[in-house]
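For the sequence shown, the numbering used here assigns the number 9 to the initial residue and increments by one for each residue that follows.
Step one of this worksheet: look at the structure below.
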Amino acid sequence: MFQDDLDNLDAIEPTSWMVQQASTLFDDASYLHGDQYARHESMSGTISRLLGGERFESLADGRITADEWAKIPTKNGKHAYFLAVGWKNELGVGLVAREDYDDIRRASNCPTILFSLASPFFRVQCAAFVDVVIAQPLTDWLSLEIGMPGVEDRIVRVARIFHALSKAVRALKAEYAALVPSLCSNLARLFPSLGLSEEDVKRAGPLVFTTRLDHPNDVPS
9 MFQDDLDNLD AIEPTSWMVQ QASTLFDDAS YLHGDQYARH ESMSGTISRL
59 LGGERFESLA DGRITADEWA KIPTKNGKHA YFLAVGWKNE LGVGLVARED
109 YDDIRRASNC PTILFSLASP FFRVQCAAFV DVVIAQPLTD WLSLEIGMPG
159 VEDRIVRVAR IFHALSKAVR ALKAEYAALV PSLCSNLARL FPSLGLSEED
209 VKRAGPLVFT TRLDHPNDVP S
């Protein structure tokens, strides 16, 4: 859905309110804040309004962290994380691949929208949190700088992107709210579990490196 809207972005007519909020986001991103907390407080409310009033939770409760999440409870008592806002200084997905996210990967394998802010730039990505993070960029890094040429056109473009993004967020919430719990709570028992008996281990002995196996077509380095 979001990708379809991006492919036809010029056809989206954002409301004057959306354009005004996008302009405020440009102001917030271009201002030199005293610290990370001030930057977060200034931009977070605008982003929330642009995304339809979504409420975010920090990964660590009670303090400002580099990222926030919006989640929805599912019928099996767990949560699906459908939107992530990353407040970061580096460009990439390394932040969401850390051990801190193990609990999130265990809670939800559902697709998630990643919204990365590396002020004054932002990028929208889609990710699936499984054993590893699989992410795909949906937009380039877009500038929120005021003092650059074509700022009026860029503000309208960002308003259109947020219009499409808020629609995608609503669709994900509706999809995850309707998820039906699995009929089988223990899927591991359906898959083979290979192992060796103690006698087999003794018979096999320890593994010892003997030589390198070279393929005839290998090119020496």
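Think of the CB as a built atom: it goes at the ideal place given N, C-alpha and C, for glycine as much as any other residue.
Check: Ile55 - DSSP class collapsed to helix/strand/coil; Outcome: helix
Check: Inter-residue spacing [alpha-carbon to alpha-carbon] between Phe130 and Val164; Outcome: 15 Å
Check: Per-residue DSSP class, three states only, for Leu40; Outcome: coil
Check: Closest residue to Asp18 among Ile169, Gly158, Met156 and Ala185 (Cα-Cα distance); Outcome: Ile169
Check: Closest residue to Tyr38 among Leu125, Lys175 and Ala136 (Cα-Cα distance); Outcome: According to the sequence as given, residue 38 is Ser; it is not Tyr. Minimum Cα distance to Ser38 is reached at Leu125.
Check: Chain-order list of residues whose beta-carbon lies under 8 Å from that of Leu33 (same chain, five-residue window excluded); Outcome: Met51, Thr54, Ile55, Leu58, Leu152 and Val166
Check: Helix, strand or coil at Leu33 according to DSSP, with G and I counted as helix; Outcome: helix
Check: Spatially closest choice to Val159 from Ala30, Trp25, Thr219 and Glu183, by CA coordinates; Outcome: Ala30
Check: Reference Asp35; option with closest CA among Gly155, Ala172 and Gln44; Outcome: Gly155
Check: Alpha carbon of Thr147 to alpha carbon of Val132, nearest angstrom; Outcome: 6 Å
Check: Reduced DSSP secondary structure (H/G/I, E/B, other) of Ile72; Outcome: At Ile72, the pLDDT of 41 sits below 50, so the modelled position is not reliable; the number obtained from the coordinates is stated separately. Of the three classes helix, strand and coil, the one that applies to Ile72 here is coil, per DSSP.
Check: N- and C-terminal bounds of the alpha helix (DSSP H) containing Ile163; Outcome: Val159 to Ala185
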